[in-house]
Amino acid sequence: MLGKKFKQGAFPMEKVVVRQLVRDTKRYINKEVEVNGWVRSNRDQKSFGFVSLNDGTHFNTVQVVYEKDSLANFDEVAKFRVGSAVSIQGKLVETPQAKQAFELKATRIILLGDSSEDYPIQPKRHSKEFLREVAHLRPRTNLFSAVFRVRSLLAYAIHKFFQEKGFVYVHTPIITANDAEGAGEMFRVTTLDPKEPPLNEDRNVDFSEDFFGRRTNLTVSGQLEVEAFALAFRDVYTFGPTFRAENSNTARHAAEFWMIEPEIAFADLKDNMNLAEDMVKYIISYILNNAAEEMEFFNKFVDKGLKDRLNNIVNSEFAHITYTEAIGILEESGEKFEYAVKWGNDLQTEHERYLTEKVFKKPVFVKDYPKDIKAFYMRVNDDKKTVAAMDLLVPGVGEIIGGSQREERADILEQRMAALDINQEELRWYLDLRKFGGVKHAGFGLGFERAIMYITGVSNIRDVVPFPRTVNSCEY
RNA sequence: UCCUCGGUAGCUCAAUGGUGGAGCAACCGGCUGUUAACCGGUAGGUUGCUGGUUCGAGUCCAGCCCGGGGAGCCA
Numbered sequence: 041m042l043g044k045k046f047k048q049g050a051f052p053m054e055k056v057v058v059r060q061l062v063r064d065t066k067r068y069i070n071k072e073v074e075v076n077g078w079v080r081s082n083r084d085q086k087s088f089g090f091v092s093l094n095d096g097t098h099f100n101t102v103q104v105v106y107e108k109d110s111l112a113n114f115d116e117v118a119k120f121r122v123g124s125a126v127s128i129q130g131k132l133v134e135t136p137q138a139k140q141a142f143e144l145k146a147t148r149i150i151l152l153g154d155s156s157e158d159y160p161i162q163p164k165r166h167s168k169e170f171l172r173e174v175a176h177l178r179p180r181t182n183l184f185s186a187v188f189r190v191r192s193l194l195a196y197a198i199h200k201f202f203q204e205k206g207f208v209y210v211h212t213p214i215i216t217a218n219d220a221e222g223a224g225e226m227f228r229v230t231t232l233d234p235k236e237p238p239l240n241e242d243r244n245v246d247f248s249e250d251f252f253g254r255r256t257n258l259t260v261s262g263q264l265e266v267e268a269f270a271l272a273f274r275d276v277y278t279f280g281p282t283f284r285a286e287n288s289n290t291a292r293h294a295a296e297f298w299m300i301e302p303e304i305a306f307a308d309l310k311d312n313m314n315l316a317e318d319m320v321k322y323i324i325s326y327i328l329n330n331a332a333e334e335m336e337f338f339n340k341f342v343d344k345g346l347k348d349r350l351n352n353i354v355n356s357e358f359a360h361i362t363y364t365e366a367i368g369i370l371e372e373s374g375e376k377f378e379y380a381v382k383w384g385n386d387l388q389t390e391h392e393r394y395l396t397e398k399v400f401k402k403p404v405f406v407k408d409y410p411k412d413i414k415a416f417y418m419r420v421n422d423d424k425k426t427v428a429a430m431d432l433l434v435p436g437v438g439e440i441i442g443g444s445q446r447e448e449r450a451d452i453l454e455q456r457m458a459a460l461d462i463n464q465e466e467l468r469w470y471l472d473l474r475k476f477g478g479v480k481h482a483g484f485g486l487g488f489e490r491a492i493m494y495i496t497g498v499s500n501i502r503d504v505v506p507f508p509r510t511v512n513s514c515e516y
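Okay, so the first sequence: first residue is 41 according to this note's numbering, each after it adds one.
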């Protein structure tokens, strides 16, 4: 439909979107076009005025000039409020001396949808906290227009990266019967009546009466399932929603978020880290090259060092250290940490930030963590004390990727599950993968929103999710 | 869940325990090139809720609700 010619009176007029005008300006200069969009601002004077028009197809607005002499409904147009939807016909002209490269000299302006006096989005700075309360309107602001366009491009870049490498995209289930996925509290999925659930002989809720005939939850990770596909397709990835019912109240946690989980067979931890580094560099490059206006905006108004930092990452090798080396660096740093640095304890946020922001000043992989602080499926190293796990820490956001080589030796995996009191019957299928052609394999999870935060500089996860779900908050 | 800071006009913020204000937005008017336009005017308030102290509470105290920042858990 867009770009198609249609009859307007006796003259054909091309209906265009702002993206076309920006990308292909020369083609439209001195031509009559029609643009539909929403008014960002309207500044009228005695005999002329300016509308900043945004149609959502590009970060930029188009300046529309309207004059009393050439517009029959000048007086009405002068009163069009911010947020109104309008249709504008006019001639595109170059404006070399002005702030913008071109503008639209209107010949006809029609109000398509009025915006009432109490429209909350004003042509001024708003706090992000306020805009969260009007999540249905905030995509019309510069910041959120840029964030959500980058979100879309980033999803595409991730698919592009994996598809170009021949990875198979796997839709792992959203509803799962595993409650041993090992990543925190889960949301129950049920059709039972909460007021009068069926009870069994022990007067507990009888889940055999439930929809699936058993207890089910929303997934906290597609990893276990995607391992099955890695052992059939070799290189695979998931990219979908994930749900955690943790009572986490931070700028980096949401109850519903998206995660990318590649899994590669015939591959070890080193291959896994190489893949993660390639992917991070690829998606950053893609956004820098395909969202220039948005990145310029973030660099100017959100984080002044953003572009330099991202360019630096694309062009530098990520640092690699072992957990044990990390502990050594922290112990010798002389820094006063709130939490004690001790081999066997997990690294705290303050430790991670010190490593990535102060010591290396770039992304750093930390690998070979003590097995007692990591999940059952991670491969036990030869030292029997550590597992082949890795976290990628980045300045500003902290942990963005967590991954591991998986334990492919059935006997050791069973020992680990027994030690951690994990029900082997429920995960029989997972153990089967080791029994029938099991090979070394590895994978990681990338928090999609954390990647967006890292690339845009936006520091709260609630501002990179269209309609965020967090503890005690599920509006819209 | 814990620590911490905050809640005053639609928004962003002022106001020593003593008559609640400003800028922006809205509305009315002015202005021949604005782009966070500018200039003049008008309107706009149960100071988050409940209770307490006081002659008097936006201000002090208690409880609750909501939000920010930090921590834990993690992606």
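All C-beta atoms in this analysis are idealised placements derived from N, C-alpha and C, irrespective of residue type, glycine included.
None of the values given here were measured: they were computed from a predicted structure.
Nearest-angstrom Cβ-Cβ length linking residue i and residue j, presumed shorter than 8 Å
i, j, result
"GLU125", "LEU152", "Reading off the sequence shown, one finds Ala at residue 125, where the question assumed Glu. Confirmed, Cβ separation roughly 4 Å."
"HIS481", "ALA305", "4 Å"
"ILE492", "LEU258", "The Cβ separation is near 22 Å, so there is no contact."
"TYR277", "PHE358", "Going by Cβ atoms, the distance from TYR277 to PHE358 rounds to 20 Å, so no, they are not a contact pair."
"GLY483", "GLY443", "6 Å"
"GLU56", "GLY77", "Just to set this straight, residue 56 is Val in the shown sequence, not Glu. With a Cβ gap of about 11 Å, VAL56 and GLY77 do not count as contacting."
"GLU454", "GLN464", "7 Å"
"MET313", "PHE227", "Contact doesn't hold; Cβ gap of about 32 Å is too wide."
"PRO403", "LEU433", "7 Å"
"THR212", "GLY262", "3 Å"
"VAL79", "ALA294", "Actually they are not in contact, since the Cβ atoms of VAL79 and ALA294 sit about 33 Å apart, beyond 8 Å."
"GLU107", "SER87", "6 Å"
"TYR7", "THR426", "Not covered by the structure: residue 7. The range shown for the chain is 41 to 516."
Limits of the unbroken alpha helix (DSSP H) element including residue i
i, result
"SER192", "182 to 204"
"ILE323", "309 to 330"
"ASP250", "Careful: ASP250 lies outside any alpha helix (DSSP H) and carries neither H nor E."
"LEU370", "363 to 372"
"PHE269", "263 to 273"
"TRP603", "Because the chain here runs from 41 to 516, residue 603 falls outside it and cannot be looked at."
"ARG243", "Premise fails: ARG243 is in no alpha helix (DSSP H) and is neither H nor E."
"VAL57", "Where VAL57 is concerned, there is no enclosing alpha helix (DSSP H), given that its DSSP letter is neither H nor E."
"LEU171", "168 to 173"
"ILE353", "346 to 354"
Boundaries (first-last residue) of the beta strand (DSSP E) holding residue i
i, result
"PHE484", "481 to 487"
"LEU433", "426 to 434"
"GLU408", "Strictly speaking, residue 408 in this sequence is Asp, with Glu absent from that position. It spans 404 to 410 - the beta strand (DSSP E) in which ASP408 sits, taken as one unbroken run."
"ASN257", "256 to 258"
"PHE297", "296 to 305"
Assigned exposure category for residue i - 16 Cβ within 10 Å defines buried
i, result
"GLU334", "buried"
"LYS47", "Residue placement at LYS47 is flagged as unreliable, the pLDDT there being 45, under the threshold of 50; the coordinate-derived value follows with that caveat. Exposed, by the Cβ-count rule."
"LEU264", "buried"
"LEU460", "exposed"
"ASP154", "exposed"
"GLY438", "buried"
"TRP298", "buried"
"LYS44", "Residue placement at LYS44 cannot be trusted, given a pLDDT of 45 that sits under 50; what the coordinates show is reported in the next sentence. The residue is exposed, with fewer than 16 neighbouring Cβ atoms inside 10 Å."
"ALA146", "buried"
"ASP158", "exposed"
"ASP40", "Since the displayed the chain opens at 41 and closes at 516, residue 40 lies outside it and no answer follows."
"ILE413", "exposed"
"ILE150", "exposed"
"PHE64", "It is Asp, not Phe, that sits at residue 64 in the sequence shown. Burial call: exposed."
"ASN94", "buried"
"TYR196", "exposed"
Meets three-Cβ-pair contact criterion under 8 Å: the segment 469 to 479 and the segment 281 to 289: Short answer: they don't touch.
Would the segment 55 to 71 count as touching the segment 130 to 137 if we require 3 or more Cβ pairs under 8 Å? The segment 55 to 71 vs the segment 130 to 137: in contact.
Length-filtered (4 minimum) alpha helix (DSSP H) runs lying within the segment 439 to 508: Here the runs fully enclosed are 450 to 459, 468 to 475, 488 to 496.
Please confirm if the segment 362 to 370 is in contact with the segment 382 to 399, defined as three or more CB-CB distances below 8 Å between the two stretches. Three or more Cβ pairs drawn from the segment 362 to 370 and the segment 382 to 399 lie within less than 8 Å of each other, which places the two stretches in contact.
Please determine if the segment 230 to 242 and the segment 348 to 355 are in contact, where contact requires at least 3 C-beta pairs separated by less than 8 Å. no
Does the segment 183 to 193 come into contact with the segment 94 to 113, if we say contact requires no fewer than three beta-carbon pairs (one atom in each stretch) closer than 8 Å? yes
Enumerated in chain order, which unbroken segments of the alpha helix (DSSP H) with a length of 4 residues or greater are wholly contained in the segment 83 to 145? 114 to 117
Taking 8 Å as the threshold, find out whether the segment 232 to 251 comes into contact with the segment 386 to 395 through three or more Cβ pairs. Flag = no, the segment 232 to 251 and the segment 386 to 395 do not touch.
Check whether the segment 370 to 377 touches the segment 410 to 430, taking contact to mean three or more Cβ pairs, one atom from each stretch, closer than 8 Å. no
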